[in-house]
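Novice:
Residue numbers (the UniProt record's numbering): 1 to 74.
#1: Is residue 59 near residue 68, with beta carbons less than 9 Å apart?
#2: What is the DSSP secondary structure of residue 40, reduced to helix, strand or coil?
#3: Under DSSP, the beta strand (DSSP E) around residue 73 begins and ends at which residues?
#4: Roughly how many angstroms lie between the CA atoms of residue 18 and residue 54, to the nearest whole one?
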C-alpha cells in the first residue's frame, strides 16, 4: 500500500507485509480516533499504523517483553 514508506520493509517475526497493508488500509478508511496494538516487537508495524492514522488519532502499543519495548522506544 505504501511501498516507498521508510517502514515498509519487512522483518522476520513481524506482521507479513500484506497484513500490514490491509491494516493500514482499514485505518485510512475508518480514521479511528483511538487505536490499541498488542505486541510491538520492533515497532515497524506500529510506525506504519501511526503514519496511516494521521495526526488526529492516538495509538497505544502494549509490549510485555522489556527488551522489545526498550528497542521500540528508541
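Note that CB positions come from ideal geometry on N, CA and C, so glycine has one too. Values in this document were obtained by computation on a predicted structure and should not be read as measured data.
Specialist: So, from the data block:
#1: no
#2: coil
#3: First-last for residue 73: 66-73, but that is the alpha helix (DSSP H), not the beta strand (DSSP E).
#4: Taking the straight line from one Cα to the other gives about 20 Å.
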